[in-house]
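Note sheet for the following structure.
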Amino acid sequence: MSSARTSFGPTPAVGLICRNCEKTYDLIAQHACWQCFGPLEVEYDSTALARVTREQIEAGPHNIWRYAGLLPVGNIASDRVSLNPGMTPLIEADNLARELGMRKLWVKDDSANPTHSFKDRVVSVALTAAGYLGFDRFACASTGNLANSVAAHGARAGRESIVFIPHDLERGKVITTAVYGGSLVAVRGSYDDVNRLCSMLCETDEFENTAFVNVNIRPFYAEGSKTLGYEVAEQLGWRLPEQVVIPAASGELLTKVHKAFDDCVDIGLTDSGKVRVFGAQSAGCSPISDAFNADTDVIDPVKPTGIAKSLNIGDPAAGPYAIESARSTGGAFDKVDDDEIREGIRLLAATTGIFAETAGGVSVAVLRKLLRDGKLDPDAETVVYNTGEGLKTLDAVGDLVGPTHTVDPSLKSAKQEGLLG
Ligand SMILES: *Cc1c(COP(=O)(O)O)cnc(C)c1O
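Counted the way numbering that gives the first Met the number 0 counts, the sequence shown spans residues 0 to 420.
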């Protein structure tokens, strides 16, 4: 046990623990419990976490590694495998708030990361762990953004990467992965098929040297999402928001942001506060939302459809925990259809200057729906998360927008087209 810990350098993490039966493990490359097959997560020494102060964090680098004292890896800068993501803008969205009849709303814009989605956070933590665990090839099963990030991290680190995607991914996500030059495998099947294939490959001798960020080293990957909670608290002046709306695919991001808010209070980084956690899914793939609204914890896997491909996980690994986060905080889950997603993208763009990918459209459209249904308090301080960049999913709104006027280069034509009144 101690040897595994030492190889990780200084870390507040003490091992892995099963989320179901609480069996403990060393810090190893494993994601499921040998005893009950439950998912493993990183366990921390709470006294080590409690020693982390606001001042230490504020003196750190302007990226996720300012929170290294709260993560399982990253305390030694030279050990990091990272594009140094994080500290993305938290934008006061006054126009959008006014449009929605809200008092105070922020957009956490994680499209500003190096490969333009929140996935850079989880990949940086996972691949730094992969380095300690002795892997020399990087891999993932991806709905798109993870592929971008793993391929880019591989390129930066000078390591081989092999990423697996569903064959029908958006062109924008394929190009922005392939350009980094690693292996890119399109699988004839859904994301859930891709994930199953990766789980099988993981067990082969040929892939023994390979870290699949969201398979064999998933517990470390999941921790990176917490920085999206710590960061919002810090950017609000070490305060917690009252409500958050977060898009959900596997449900990991939502679960870990919720955990990070709880950590902030436990560690003393913020005063106590209650954050209501709301989850957003698309109607084309809403297994978590449907289970939540049917008042059950049992997730029925679905076959995903619809334009929000980055959220198209039909069998979400952290689904039950995401439901628990929403339920225990007085939040909720909801879903929106493709037209509402497009409308969400356009509303966000027109009121904030942020062009989100489909997942961001899901968040904004669900925010609006929850307000209309009276489930979300318009007077409570709210943060809505945009997790990805609109330029990668141009086709989502490509048919809806274009030039509002077309003119000849003459005043006469400008007048004819109504530009001069
Ligand atoms: C992966 C992804 C999510 C959801 O992440 P989970 O942790 O699987 O729920 C949300 N938004 C975007 C843009 C993503 O790429």
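Virtual Cβ for every residue (Gly too), placed ideally from N, Cα, C.
I90: member of the beta strand (DSSP E) spanning 89-91, first to last residue.
When beta bridges are read from the DSSP output, R136 appears opposite E159, T209.
Here DSSP, grouped into helix, strand and coil, assigns D191 to helix. Cβ neighbours of S285 within its own chain (closer than 7 Å, five residues either side excluded): K334. The alpha carbon of Q34 has as its nearest neighbour, out of N19, A259, G420, the alpha carbon of N19.
For G387, the pairing in a beta bridge is given by DSSP as S116.
For Q234, the enclosing alpha helix (DSSP H) covers residues 226-234.
Around the beta-carbon of A293, fewer than 16 other beta-carbon atoms lie within 10 Å, marking it exposed. C-alpha of R158 to C-alpha of V173: approximately 20 Å in a straight line. Between the C-alpha atoms of L15 and G387 there is a straight-line separation of about 30 Å. Rounded to whole angstroms, the gap between the alpha carbons of A413 and T381 is 43 Å.
A straight line joining the alpha-carbon of S123 with that of H152 spans about 8 Å. Close CB contacts of G330 within its chain, under the 6 Å cut and outside five residues either way in sequence, are with R275, V276, F277 (chain order). Across the set V121, N147, R187, G181, the C-alpha of R187 shows the shortest separation from the C-alpha of H166. Counting every other CB atom within 10 Å of its CB across the protein chains shown gives F36 a total below 16, marking it as exposed. Below 8 Å, too few C-beta pairs join the stretch 286-306 and the stretch 107-127 to call them touching: fewer than three. The residues L82, P84, N112, P113, S148, in chain order, have a CB closer than 6 Å to that of D119 in the same chain once the five nearest residues on each side in sequence are set aside. Here T203 is actually not in contact with W237; their C-beta atoms are around 47 Å apart, not less than 8 Å. Assignment of I164 by DSSP, reduced to helix, strand and coil, places it in the strand class. Close CB contacts of S224 within its chain, under the 7 Å cut and outside five residues either way in sequence, are with R120, V121, E251, L252, K255, V256 (chain order). In the structure shown, the three-state DSSP call for F277 is strand. Proximity of the beta carbon of K118 to ligand 1 is indicated: a heavy atom of the ligand is located closer than 7 Å. A direct Cα-Cα distance of roughly 6 Å separates K107 from N385.
A distance criterion of 7 Å places the beta-carbon of I312 in contact range of ligand 1, judged by its closest non-hydrogen atom. Rounded to whole angstroms, the gap between the alpha carbons of A140 and G360 is 23 Å. Assigned with DSSP and collapsed to three states, G171 falls in helix. Approximately 12 Å separates the beta-carbon atoms of T175 and V162; this is outside 8 Å, ruling out the contact. Look at the stretch 282-366 and you find these whole runs of alpha helix (DSSP H), each 4 residues long or longer: 286-292, 318-327, 337-351. CA-CA distance, S249 to L410, rounds to 55 Å. The beta-bridge partner set that DSSP reports for V178 is empty. Nearest to T209 by C-alpha distance, out of V41, G130, T328, is G130. The C-beta distance from A316 to P88 rounds to 29 Å, too long to meet the 8 Å contact threshold. For L252, the enclosing alpha helix (DSSP H) has its first and last residue at 251-266.
Beta-bridge pairing by DSSP links L375 to no other residue.
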